[in-house]
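Quick note on our numbering: the sequence shown kicks off at 128 and runs consecutively. These notes concern the structure reproduced below.
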Amino acid sequence: MYSFQDCIHFLASVRKFHREPIIILIERVQRFLYPLLLVFGNVRLQPAPKHENPVLASRKAKLALYQQSPFEKTIYLDCDICLLSPIYEVFDYLDEVDLLITEDVQPAIAKAANLLRVKQDILSTLQSVGLPLRNEN
């Protein structure tokens, strides 16, 4: 259900500012929920590329968007993004360059609260799954 919830929040935040067409590469969302995603208008649902390795599947999905995009300009946004303001300038930048990369707003992994879906200490949680991280305060 997280994938579906992420899609709903993402679509709601984008539609608050933009009407451009959106392609959602979808996986692990039950088909009966698709109409709830399409209600946002100008949305196309396409199956995401599959791979047994979820990280590689994600990378293949990103590449597929650029290879198969029917649009003049394509902007890839993860579904866990929430727009807080319009991004017209991103479209404008794409008139000048073919590829844009944004800076990570939280480059310190120990402070990256977005990695967890619940409120808890990030560093100790990541250490508990075997990541060799130190507290660098």
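Positions of the beta carbon are idealized from the N, C-alpha and C atoms, including for glycine.
Closest residue to residue i among the options (Cα-Cα distance)
| i | options | result |
| --- | --- | --- |
| histidine 145 | Ser251, Ser212, Ser255, Ile228 | Ser212 |
| threonine 201 | Arg186, Ser185, Tyr220 | Tyr220 |
| arginine 158 | Asn169, Gln173, Glu147, Phe137 | Gln173 |
| isoleucine 150 | Leu164, Ser251, Glu216 | Leu164 |
| alanine 191 | Leu204, Leu183, Pro176 | Pro176 |
| lysine 189 | Glu179, Leu204, Asn180 | Leu204 |
| glutamine 132 | Pro148, Leu160, Glu147 | Leu160 |
| glutamate 147 | Glu223, Phe218, Ser251 | Phe218 |
For residue i, three-class secondary structure by DSSP
| i | result |
| --- | --- |
| arginine 146 | coil |
| arginine 186 | helix |
| proline 213 | coil |
| proline 162 | helix |
| valine 141 | helix |
| isoleucine 228 | coil |
| glutamine 195 | helix |
Between the CA atoms of residue j and residue i - distance to the nearest angstrom
| i | j | result |
| --- | --- | --- |
| valine 141 | phenylalanine 198 | 17 Å |
| lysine 143 | valine 170 | 14 Å |
| phenylalanine 137 | serine 255 | 30 Å |
| valine 156 | phenylalanine 167 | 17 Å |
| cysteine 206 | serine 130 | 8 Å |
| leucine 210 | histidine 178 | 29 Å |
| glutamine 208 | isoleucine 214 | First, the residue type needs correcting, since residue 208 is isoleucine and not glutamine in the sequence shown. In a straight line, the C-alpha of isoleucine 208 is about 12 Å away from that of isoleucine 214. |
| alanine 184 | glutamate 223 | 30 Å |
Per-residue burial, residue i [other beta carbons within 10 Å of its own, 16 or more giving buried]
| i | result |
| --- | --- |
| isoleucine 153 | buried |
| cysteine 134 | buried |
| leucine 226 | exposed |
Spatial neighbours of residue i in its chain, beta-carbon cut-off 6 Å, leaving aside the 5 residues before and after
| i | result |
| --- | --- |
| proline 181 | none |
Spatial neighbours of residue i in its chain, beta-carbon cut-off 7 Å, leaving aside the 5 residues before and after
| i | result |
| --- | --- |
| tyrosine 193 | Thr201 |
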